[in-house]
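Per this note's numbering, the very first residue in the sequence shown carries number 738; after that it's consecutive. Written below as structure tokens is the structure these notes are about.
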Amino acid sequence: MFLYIISIRISVFNMEELLCTVEFVEEEGVFVAKLQSPLGGLREYRSASFDEVLDQVMIELQQEFEGVL
């Protein structure tokens, strides 16, 4: 089993804000990404390919934060 958690934060004028948390888990050959953010809430992506799950998360984050940062 594999577990990896990423938190993305931004600091502006010494104030830090959590933008999102991404958790990657591998369970019995299936990769799961759990993405949580204040804007989009909790979402989950599954695939037999880690690259596919990572691509889904990257696309989702690009769309969510486009024009925000």
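C-beta atoms are modelled at their ideal positions from N, C-alpha and C, and glycine is treated no differently.
Using only alpha-carbon positions, find the residue among the options that is nearest to residue i.
{"i": "glutamate 764", "options": "Arg780, Ser784 and Glu754", "result": "Ser784"}
{"i": "arginine 780", "options": "Gly766, Met795 and Ser786", "result": "Met795"}
{"i": "serine 774", "options": "Asp792, Glu797 and Gly804", "result": "Glu797"}
{"i": "phenylalanine 761", "options": "Glu801, Ala770 and Gln799", "result": "Ala770"}
{"i": "glutamate 754", "options": "Leu776, Glu803 and Phe768", "result": "Leu776"}
How many whole angstroms separate the CB atoms of residue i and residue j, which I take to be in contact at a CB cut-off of 8 angstroms?
{"i": "cysteine 757", "j": "isoleucine 745", "result": "5 angstroms"}
Alpha carbon to alpha carbon, how far is residue j from residue i? Give it in angstroms, no decimals.
{"i": "phenylalanine 750", "j": "glycine 766", "result": "43 angstroms"}
{"i": "methionine 752", "j": "leucine 772", "result": "23 angstroms"}
{"i": "glycine 804", "j": "valine 790", "result": "24 angstroms"}
Buried or exposed for residue i, going by 16 or more other Cβ atoms inside 10 Å?
{"i": "phenylalanine 808", "result": "This structure gives no information on residue 808, because the portion of the chain shown stretches from 738 to 806."}
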